[in-house]
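Numbering (our numbering), first residue to last: 47 to 644. Just below is one structure, and these are the notes that go with it.
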Amino acid sequence: MHFRPVMENAEIAQALSEIAGLLELTGGNPFRARAYSRAAQIVDGLAEPIEAIWKRGELTDLPGIGERIAAHVGELIEKGTCAEREQLARKVPPGLPELLRIEGMGPKSVAAVWKSLGITQVDALEEACRSGTILEVPRMGRVRVKGLLEAIRRHRARRGRTPLYRALPAAETIIARLRKAPAVTAAEIAGSIRRRCETIGDIDLLVAATDPAPVTSAFTHMAEVAQIVAEGPTRSTVRLRSGLHADLRVVEPKSFGAALQYLTGSKAHSIALRKRGLRRGLKLSEYGVFDRRGRRKGGDTEEQMYRALGLPWIPPELREDRGEIEAAEHGGLPLLVEEKDVLGDLHVHSKASSDGHSTVEELADAARELGRRYLAITDHSRSRPLGLDAERLAQHVEHIRGLTSRDPVLLAGIEVDILPDGSLDLPVDALAPLQCVVASIHAHFNDPSPKMTERMVRAMRSGVVHVLGHPSGRQLGMRDPYAFDLARVLEIARETGVALEVNAQPERLDLSDQACRLAKAAGVPVVISSDAHHVSQLANLRYGVWVARRGWLEKGDVLNTLPLEALQARLRRKGPVIANGSARRPRRLGAASEATVS
DNA sequence: GCCGTTTTCGGCCCGACTGTTTTCAGTCG
């Protein structure tokens, strides 16, 4: 049977999460709801298709998944649904779970408006707010109603979360300003931005100051603030004119490390740390680590927090409770790839084809400024508007080769389309002389999974492809990944020596972090490429590095960390791939199985 | 529903802030 591993896990996680929501709404034991919620998070975080774990009968080895939930998962895999969910869904009107996603509406409030007013839809909730009938519900007052109307408006306006590249610059601007406020000793961006998540919910900021008042005031009086949502002595929230929410927490300097750890999250990571602390008689909070008698054992720095738990400092990108704590405990944390490790860029467009806006010379100059040692010029092939045919490609290559004495070294390449039948958009003999052939899918995204997978397999087996470009085709918030069998693609990539791209265009980030982890487990190396269409986009490479880091990748997993000669030797190679010299057996990577397999 | 280097039963992370209250429930992160 055909499956799409990453989606498959996400779908199962979604179903478990739905059950959790339904349980919250129907009352009963809230810990039961939490168990489902936690299980959903675990499944979502798996770096292996859950179907494979299920087939091995190892579901209950996963943390947070016992007999009962394992049975539900099995049922979901086999039938696509499960009785538990169906049964719960019958108790609750459709539409009710959506109300939970409105800010300020928790399970108690949703159940209250449902039971006392029969409200089950967002529209009806809005109407009840406007007419005032909602005031009959206990603990509903005029202020809340006003906030609720605003939250409903935001709920409707919000299509998914904000991509990192939109939130990061805003956060950087604000934090730079707060650093200059009076009495500030330290200031950092925290939350999902610090973890470099691909999308973020809101901006979390942390400041250490001897006097919180001036900082809070500076924050709430910024020009870009549209509304002050909450304001207290240590914590305040504003809505920016861009629509983003920004949270500021101000702590004493001695608590900065504890607060930074706490505010960076993820929530799941922090909970796991606190539980670990409890087992050792330690209480963790945003103020520090405390022993049973309440004596403070540290918290000035994040390192102290982790050390108190017997752990080394864990990079923020790994803090998702996906095995990093177990890995840290056993000295098995990856030495994550860094931006400075990446020596060159293997996917860049020039004016020679359709959509590039800079000349090859301009790109080379800008790449040199960024310290790149090599740069592959990979313009589009003929199927793209104004793309290169064999003749224009030859001229283009000649032009590039005429510039090879420049720094960085220029590689003549192409981004060739993978056509609907899996053949390439240019003859193999036109592609064979090129130093970097990136093959990508740009059309017919709706092919069924088997056909799409076969297109990629055929392209990889052409013998002339070095890199599979933006493998899933997704665009954040715009286009979902197309259906394909990632496990199969990884298998063939390994067989043919083709590297998978981590496309660093910030609205692509494709491969995703989770797919990077799967690639590593399958022994397939990646290249991190900017896919720049203008000199200003060459710097986007950092977004790709962050994805790779979130995917646990090390320098040795990324081919363009190699010096040019070694890179070219690797790109020529068509045998089975072994990551950067150190032989890596494919291995199983589960959410918390790192400790047991490494 | 899950879990155990205190436990197979009895717990389940912890604190800030708001609104609606007059001592606190609910939500959020």
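For each residue, glycine too, the CB sits at the ideal point set by N, CA and C.
Exercise. Residue 284 by DSSP, collapsed to three states: which one?
Worked result: Correct three-state label for residue 284: strand.
Exercise. Who does residue 209 pair with in a DSSP beta bridge?
Worked result: The partner list for residue 209 (beta bridge, DSSP) reads 245.
Problem set entry | Short Cβ contact (8 Å threshold) for residue 110 with residue 85 | Cβ atoms of residue 110 and residue 85: closer than 8 Å.
For this session: Write down the C-beta distance between residue 645 and residue 391 rounded to the nearest angstrom, noting that I regard them as a contact closer than 8 Å.
Result: Lying before the first or after the last residue shown, residue 645 is absent from the chain, which here runs from 47 to 644.
Problem set entry | Alpha-carbon spacing of residue 246 relative to residue 292, whole angstroms | One Cα belongs to residue 246, the other to residue 292, and the distance between them is close to 11 Å.
Problem set entry | DSSP bridge partner residues for residue 329 (one or two, in chain order) | DSSP output for residue 329 lists 336 as bridge partner(s).
Exercise. Where does residue 128 fall in DSSP's three states?
Worked result: DSSP places residue 128 in coil when its eight states are reduced to three.
Exercise. Do you know offhand how far residue 152's Cα is from residue 432's?
Worked result: In a straight line, the C-alpha of residue 152 is about 53 Å away from that of residue 432.
Problem set entry | Identity of the residue in 505, 560 and 163 nearest residue 182 by Cα | Closest option to residue 182, judged by alpha-carbon separation, among 505, 560 and 163: 163.
Exercise. Is the distance from the Cβ of residue 237 to the Cβ of residue 289 below 8 Å?
Worked result: Going by C-beta atoms, residue 237 is not nearer than 8 Å to residue 289.
Exercise. Between which two residues does the beta strand (DSSP E) containing residue 574 stretch?
Worked result: Where residue 574 is concerned, the enclosing beta strand (DSSP E) starts and stops at 572 to 575.
Problem set entry | For residue 295, the three-state DSSP class (helix, strand or coil) | Residue state, collapsed to three classes: strand.
Exercise. Residue 418 and residue 454 look like a contact to me (Cβ under 8 Å); what is the Cβ gap, rounded to whole Å?
Worked result: With 8 Å as the limit, residue 418 and residue 454 qualify as a contact, their Cβ atoms being about 5 Å apart.
For this session: Please classify residue 220: does DSSP put it in a helix, a strand, or coil?
Result: DSSP places residue 220 within a helical segment (H, G or I) once states are collapsed to three.
Exercise. Taking DSSP as the reference, what is the three-state secondary structure of residue 397?
Worked result: Reduced to three states, the DSSP call for residue 397 is coil.
Exercise. Would you call the CB atoms of residue 231 and residue 254 closer than 8 Å?
Worked result: The answer is yes: Cβ separation under 8 Å.
Problem set entry | Rounded Cβ spacing between residue 603 and residue 552 (contact assumed at less than 8 Å) | Contact between residue 603 and residue 552 does not hold, since their C-beta atoms are separated by about 21 Å, which reaches or exceeds 8 Å.
Exercise. Are the Cβ atoms of residue 548 and residue 536 separated by less than 8 Å?
Worked result: Cβ distance not < 8 Å, so residue 548 and residue 536 don't count as in contact.
Exercise. DSSP on residue 549, reduced to helix/strand/coil?
Worked result: Strand, per DSSP.
Exercise. When DSSP labels each residue in this structure, what does residue 133 get in the three-state scheme?
Worked result: Correct three-state label for residue 133: helix.
Exercise. When the Cα atoms are used, what is the spatial distance from residue 445 to residue 531?
Worked result: So the two alpha carbons sit approximately 39 Å from each other.
Exercise. Relative to the C-alpha of residue 252, which residue among 389, 491, 224 and 215 is closest?
Worked result: Of the listed residues, the one whose Cα sits closest to residue 252 is 224.
For this session: Compute the beta-carbon to beta-carbon distance between residue 406 and residue 449, rounded to the nearest angstrom, for a pair I have assumed lies under 8 Å.
Result: Rounded, the Cβ-Cβ distance is 7 Å, consistent with contact.
Exercise. With a Cβ-Cβ cutoff of 8 Å, do residue 93 and residue 594 count as a contact?
Worked result: Not in contact: residue 93 and residue 594 (Cβ atoms no closer than 8 Å).
For this session: Report the rounded CA-to-CA distance for residue 645 versus residue 83, giving the unit in angstroms.
Result: Absent from the structure is residue 645, since the part of the chain shown begins at 47 and ends at 644.
Problem set entry | the segment 172 to 191 contacting the segment 513 to 521, beta-carbon criterion three pairs below 8 Å | Judged by Cβ distances under 8 Å, the segment 172 to 191 makes no contact with the segment 513 to 521, as fewer than three pairs qualify.
Problem set entry | Boundaries (first-last residue) of the beta strand (DSSP E) holding residue 458 | Where residue 458 is concerned, the enclosing beta strand (DSSP E) stretches over 455 to 463.
Problem set entry | Whole-angstrom C-beta distance between residue 458 and residue 487, which should lie under 8 Å | Wrong, their Cβ atoms sit about 22 Å apart, outside the cutoff.
Exercise. Since residue 118 and residue 401 are thought to touch, with beta carbons under 8 Å apart, how far apart are those beta carbons, to the nearest angstrom?
Worked result: Actually they do not touch by this definition, with Cβ atoms about 47 Å apart.
Problem set entry | Contact check, residue 304 vs residue 334, beta carbons under 8 Å | Cβ distance < 8 Å, so residue 304 and residue 334 count as in contact.
Exercise. Based on the DSSP output, what are the partners of residue 424 in its beta bridges?
Worked result: BP columns for residue 424 point to 459.
For this session: From the DSSP output, in three-state form, read off residue 521 for me.
Result: In this structure, residue 521 counts as strand in the three-state DSSP scheme.
Exercise. Per DSSP, which one or two residues make a beta bridge with residue 232?
Worked result: Paired residues: 254.
For this session: Can you have a look at residue 615 and say buried or exposed, based on whether 16 or more other CB atoms are within 10 angstroms of its CB?
Result: By the 10 Å Cβ count, residue 615 comes out exposed.
For this session: Below 7 Å CB to CB, which residues in the same chain sit around residue 193 once its five sequence neighbours on both sides are set aside?
Result: The residues 150, in chain order, have a CB closer than 7 Å to that of residue 193 in the same chain once the five nearest residues on each side in sequence are set aside.
Problem set entry | For residue 274, the first and last residue of its enclosing beta strand (DSSP E) | Run containing residue 274: 271 to 277, per the beta strand (DSSP E) assignment.
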